[in-house]
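Position 150 of the sequence shown, counted from 1, bears residue number 150 in full-length UniProt numbering, the numbering being contiguous throughout.
What follows is a short report on a single structure.
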Amino acid sequence: MIRSETVHGRLGAGLAGLALSVGLADASAQAPPAPAVPLYQESKDWILACDNTRFCEAKGFSDAESAAMRISRGAGPTGTLTVEIDVPDTAESPDVTAFRLDGRRLDLKTIAWAPDDATGLGQATLVTADDDSAYRLLRRIRDGRVLSLGDTRSAPAVPLHGLSTALKVMDDVQSRSGNETALTQPGHGGAAALAAAPAAPALRGAPPPPAIPAAEARALAAGVRQAMRGGDALAACDARAPSDIAVALTSTEALVMAECARASYQSSYVVFRVPRADPAAAQVVTLALPPGLEAGAPARSPAPSVVMAGPASGGASPSGAASSSGAAPSSTNAARTGNTAAGATLQLANATSDRMQAVPVALAPTASADPVGRMTEPTYNPRTATLASVSKGRGLADCGIRAEWRFDGQEFMPSAYRQQIRCGGGAPGDWPTLWRTR
Numbered sequence: 001m002i003r004s005e006t007v008h009g010r011l012g013a014g015l016a017g018l019a020l021s022v023g024l025a026d027a028s029a030q031a032p033p034a035p036a037v038p039l040y041q042e043s044k045d046w047i048l049a050c051d052n053t054r055f056c057e058a059k060g061f062s063d064a065e066s067a068a069m070r071i072s073r074g075a076g077p078t079g080t081l082t083v084e085i086d087v088p089d090t091a092e093s094p095d096v097t098a099f100r101l102d103g104r105r106l107d108l109k110t111i112a113w114a115p116d117d118a119t120g121l122g123q124a125t126l127v128t129a130d131d132d133s134a135y136r137l138l139r140r141i142r143d144g145r146v147l148s149l150g151d152t153r154s155a156p157a158v159p160l161h162g163l164s165t166a167l168k169v170m171d172d173v174q175s176r177s178g179n180e181t182a183l184t185q186p187g188h189g190g191a192a193a194l195a196a197a198p199a200a201p202a203l204r205g206a207p208p209p210p211a212i213p214a215a216e217a218r219a220l221a222a223g224v225r226q227a228m229r230g231g232d233a234l235a236a237c238d239a240r241a242p243s244d245i246a247v248a249l250t251s252t253e254a255l256v257m258a259e260c261a262r263a264s265y266q267s268s269y270v271v272f273r274v275p276r277a278d279p280a281a282a283q284v285v286t287l288a289l290p291p292g293l294e295a296g297a298p299a300r301s302p303a304p305s306v307v308m309a310g311p312a313s314g315g316a317s318p319s320g321a322a323s324s325s326g327a328a329p330s331s332t333n334a335a336r337t338g339n340t341a342a343g344a345t346l347q348l349a350n351a352t353s354d355r356m357q358a359v360p361v362a363l364a365p366t367a368s369a370d371p372v373g374r375m376t377e378p379t380y381n382p383r384t385a386t387l388a389s390v391s392k393g394r395g396l397a398d399c400g401i402r403a404e405w406r407f408d409g410q411e412f413m414p415s416a417y418r419q420q421i422r423c424g425g426g427a428p429g430d431w432p433t434l435w436r437t438r
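Okay, here's the thing in C-alpha cells:
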C-alpha cells in the first residue's frame, strides 16, 4: 500500500514542476521579439549596425578624431565577441596599465590582448584575445563616460556616452537578454540555449565572359551615348568630356557606364545593359535593394526620433546625384551629430535621451533609388560577377555607402551592403555591414 503522504509529495512535486514549466513558457511568450534586421542606429557617441545574420558591430568615437573603439559580435551560441581600440598617431600600442576610466586608474590585469597589431600607417590597434577578456572589459567600462588611453590630459580617449545603450540593443537583436552571455542584463541560461545565427543567403555568379577588346569597348560606349542623346536617361547629365566605361556582361551583352556628373572626389554614372550588336537597344539597369533596406526606408528602431534634413550642397549623394563642387558635407548641429554622410544633416530629437535613435537608411547609390538610374562610382568585376557602387560621404571616405549585386546570368541580386552615416572612427571605407551573402 502506498502511503498517502508519498502520493501527496509526488503530486505536489509534479504540480510545482508544471507551474515552473508554465512560468517559463509564459516568460518566453512574453519576451519581446528581437528587433528586425538589418538595423542601423545611433546613440550619442556610438553607432550600432546589425546585418541580416544578426552579426552586430558597435563603434564609438568622438569628432576630434582621437581614438575609436569597435565591438563586434556574432549571433548564436558560438558568436565571437571582440573589442578593438584604434589609437591614432602612434606606431606602438599604448601602455594598458596607464588606462583611466573617468580619470581613475583602470585595472586591466585580467584582460588578455592579442599580439600588437600596428598598421604601419600611424595607427595601432589593440584587440582582445578572447571572449572572456572582451566581456570583462565591457562590463568594467560600459557605465563610464570616457576611457583615456593614458595618464595625461592629452592622451587619446574613447567617449563612452551611449555605449551601454548600444550594448543593450545588441543583446536584444541577438536575443541574449536574460542569458549568461548578455552584456547588459545577464541571466542564468547558458549559451547553448541561444538559437543559431541565421545563415546568409547563398548566391551564384555567372561564369566570366571573354573580355571586350579595347576598340570595341570604346565604340560600344560611344554608340550608347549617341543612341541615348536626347532621351530621358542622359538628359540631366553633363556631356563635357565624359569618361565612359564598357565591360563584358555575357558573351553577347555588355554593361556601359556613362558618366553623368563629376565632383572633386567621385562621379555619378548611368548604367546600361547593352546588346553588343545593337547599342541603340540599351536599357537602364534596374536594381533591387536588400530586404529592409529599400530606398528611404527607416532603420528599425524602438525610438524613431531622427529627421534627415535635405542634402547640403556639394558632393555626390548616396542616391548617386552629384553636384559640381564635391565639397565635404556641412553640419548645422555638429556638436550633437558630428559629420554625416552624403551632405545630409542628422538632427537628433530628444537629444538628452539615452535611447537609441532611429536613423533613416540613406538612399542607396542604385538605379532603384534614382529615377534615371544613376550610380556613384560603379564598377563591374566579371570574375566575381559583381556590380558595386561606392558613395563617399566626404573625401576622407570615413562615411558613406557601398552596395553590391551579383549577376547570376539573368539578373542582378543584392549581395552586400555597408553603410555609415556619421563620419569618423575608422579607415577609409571601413563601414559596418548591413547585408551579407555567401
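C-beta: ideal position from N, C-alpha, C; glycine also.
Quiz item: DSSP on P371, reduced to helix/strand/coil?
Solution: As a working mapping, residue 371 is identified with position 371 in the sequence shown. A caution first: P371 carries a pLDDT of 46, below 50, which makes its placement in the model unreliable, though a value can still be read off. Coil, per DSSP.
Quiz item: Is R240 helix, strand or coil when you go by DSSP?
Solution: The sequence position of residue 240 within the sequence shown is 240, counting from 1. R240: coil per DSSP, three-state reduction.
Quiz item: In terms of alpha-carbon separation, which member of P201, P94, P290, P32 lies closest to V173?
Solution: By 1-based counting over the sequence shown, the position of residue 173 is 173. Comparing Cα-Cα distances from V173 to each of P201, P94, P290, P32, the minimum goes to P32.
Exercise. Could you check the C-alpha separation between E404 and D131 for me, to the nearest Å?
Key: As a working mapping, residue 404 is identified with position 404 in the sequence shown. As a working mapping, residue 131 is identified with position 131 in the sequence shown. Using only the alpha carbons, I get a separation of about 31 Å.
Quiz item: Just checking, does the segment 197-214 make contact with the segment 70-78 on the three C-beta pairs under 8 Å criterion?
Solution: yes
Quiz item: Can you tell me whether DSSP reads R140 as helix, strand or coil?
Solution: Translated into the one-based positions of the sequence shown, residue 140 becomes position 140. R140: helix per DSSP, three-state reduction.
Quiz item: Any idea which residues DSSP pairs Y417 with across the strands?
Solution: Mapped onto the sequence shown, residue 417 falls at position 417. In DSSP, Y417 forms a bridge with A403, W435.
Practice problem: Less than 8 Å between the CB atoms is what I'm expecting for D408 and A206, so what's the real figure, rounded? | Solution: Taking the first residue of the sequence shown as position 1, residue 408 is located at position 408. Taking the first residue of the sequence shown as position 1, residue 206 is located at position 206. At roughly 6 Å, the Cβ-Cβ gap stays under 8 Å, so D408 and A206 are in contact.
Exercise. Could you name the residues of the same chain whose beta carbon sits closer than 7 Å to that of T82, not counting the 5 residues immediately before and after it, in chain order?
Key: Walking along the sequence shown from the start, residue 82 turns up at place 82. Within the same chain, S72, V127, T128, A134 come within 7 Å of T82 by CB-CB distance, once the 5 residues on both sides are set aside.
Exercise. Report, in whole angstroms, the separation of the C-beta atoms of V58 and A166, which I expect to be a contact under 8 Å.
Key: For the purposes of this step, residue 58 is taken as the residue at position 58 of the sequence shown. For the purposes of this step, residue 166 is taken as the residue at position 166 of the sequence shown. Here residue 58 turns out to be Ala, not Val, going by the sequence shown. Right, their Cβ atoms sit about 4 Å apart.
Quiz item: Closer than 6 Å: is that where the CB of A403 sits relative to any heavy atom of the ligand GDP?
Solution: Summarising the ligand content, the structure contains no ligands, and the ligand GDP is consequently not present.
Quiz item: Beta-carbon separation of L101 and G144 under 7 Å?
Solution: Here residue 101 is taken as the residue at index 101 of the sequence shown, counted from 1. Here residue 144 is taken as the residue at index 144 of the sequence shown, counted from 1. It is a contact, given that the beta carbons lie within the stated cut-off.
Exercise. Please report how far the alpha carbon of E92 lies from the alpha carbon of G424, in whole angstroms.
Key: Here residue 92 refers to the residue found at position 92 of the sequence shown. Here residue 424 refers to the residue found at position 424 of the sequence shown. Roughly 21 Å between the two C-alpha positions.
Quiz item: Would you report the Cα separation of P275 and A221, rounded to the nearest angstrom?
Solution: If you number the sequence shown from 1, residue 275 lands on position 275. If you number the sequence shown from 1, residue 221 lands on position 221. Cα to Cα, P275 sits roughly 12 Å from A221.
Quiz item: DSSP on E84, reduced to helix/strand/coil?
Solution: In the sequence shown, the residue the question calls residue 84 occupies position 84. It is a strand residue.
Quiz item: Cα separation between E84 and S164?
Solution: For the purposes of this step, residue 84 is taken as the residue at position 84 of the sequence shown. For the purposes of this step, residue 164 is taken as the residue at position 164 of the sequence shown. E84 and S164 have their alpha carbons spaced roughly 17 Å apart.
Quiz prompt | Cβ-based burial, A124 [other Cβ within 10 Å; buried from 16] | solution = What you label residue 124 is simply residue 124 of the sequence shown in a count that begins at 1. Classification for A124: buried.
Quiz item: Would S43 be called buried (16 or more neighbouring beta carbons within 10 Å of its own) or exposed?
Solution: Stepping through the sequence shown from its first residue, residue 43 is reached at position 43. The residue is buried, with at least 16 neighbouring Cβ atoms inside 10 Å.
Quiz prompt | Inter-residue CB distance, P209 and T152 (contact presumed, cutoff 8 Å) | solution = The count along the sequence shown starts at 1 and reaches residue 209 at position 209. The count along the sequence shown starts at 1 and reaches residue 152 at position 152. That belief does not hold up - the Cβ atoms of P209 and T152 are roughly 60 Å apart, past 8 Å.
Quiz item: Are A258 and V270 touching if we call contact CB-CB under 7 Å?
Solution: Position 258 of the sequence shown, counted from the start, is the residue given in the question as residue 258. Position 270 of the sequence shown, counted from the start, is the residue given in the question as residue 270. Yes, they are a contact pair.
Exercise. Using the Cα positions of A67 and D107, report the straight-line distance between them to the nearest angstrom.
Key: Residue 67 sits at position 67 when you count from the first residue of the sequence shown. Residue 107 sits at position 107 when you count from the first residue of the sequence shown. Cα to Cα, the separation comes out at about 20 Å.
Practice problem: Decide if K109 is buried, meaning its Cβ has at least 16 other Cβ atoms within 10 Å, or exposed. | Solution: Within the sequence shown, numbered from 1, the residue matching residue 109 stands at position 109. Counting Cβ neighbours within 10 Å, K109 comes out exposed, since fewer than 16 surround it.
Quiz item: Excluding five sequence neighbours on each side, which residues of the same chain lie with their C-beta closer than 6 Å to the C-beta of R418?
Solution: Along the sequence shown, one-based indexing puts residue 418 at 418. The beta carbon of R418 is closer than 6 Å to those of R402, W431, T433 in its chain, skipping five residues each way along the sequence.
Quiz item: Leaving out five residues before and five after T80 in sequence, what residues of the same chain have Cβ atoms less than 6 Å from its Cβ?
Solution: Against the sequence shown, residue 80 aligns to sequence position 80. Result list for T80: G74, in chain order.
Quiz prompt | C-beta contact flag for V158 and L48 at 7 Å | solution = On the sequence shown, position 158 is the one that residue 158 refers to. On the sequence shown, position 48 is the one that residue 48 refers to. No, the Cβ-Cβ distance between V158 and L48 is not below 7 Å.
Self-check item: Rounded straight-line distance, which links the Cα of G187 to that of T384
Solution: Indexing the sequence shown from 1 puts residue 384 at position 384. Indexing the sequence shown from 1 puts residue 187 at position 187. Going from the Cα of T384 to the Cα of G187 covers about 45 Å.
Self-check item: Per-residue DSSP class, three states only, for Q283
Solution: Your numbering for residue 283 matches position 283 in the sequence shown. Strand at Q283.
Exercise. Taking T165 as part of the alpha helix (DSSP H), name the residues at either end of that continuous run.
Key: Walking along the sequence shown from the start, residue 165 turns up at place 165. 163-173 is the span of the alpha helix (DSSP H), which, as asked, contains T165.
Exercise. Sort A202, R140, W113, D86 by Cα distance to R105 and report the nearest one.
Key: Within the sequence shown, residue 105 is the residue found at index 105, counting from 1. Among A202, R140, W113, D86, the Cα nearest to that of R105 is on R140.
Practice problem: With a floor of 4 residues, list each alpha helix (DSSP H) that falls wholly inside the segment 200-267, ordered by position along the chain. | Solution: Counting whole runs of 4 or more residues, the segment 200-267 contains the alpha helix (DSSP H) stretches 214-228.
Quiz prompt | Coarse secondary structure for S177, derived from DSSP in three states | solution = Position 177 of the sequence shown, counted from the first residue, corresponds to residue 177. S177 falls in the coil class under three-state DSSP.
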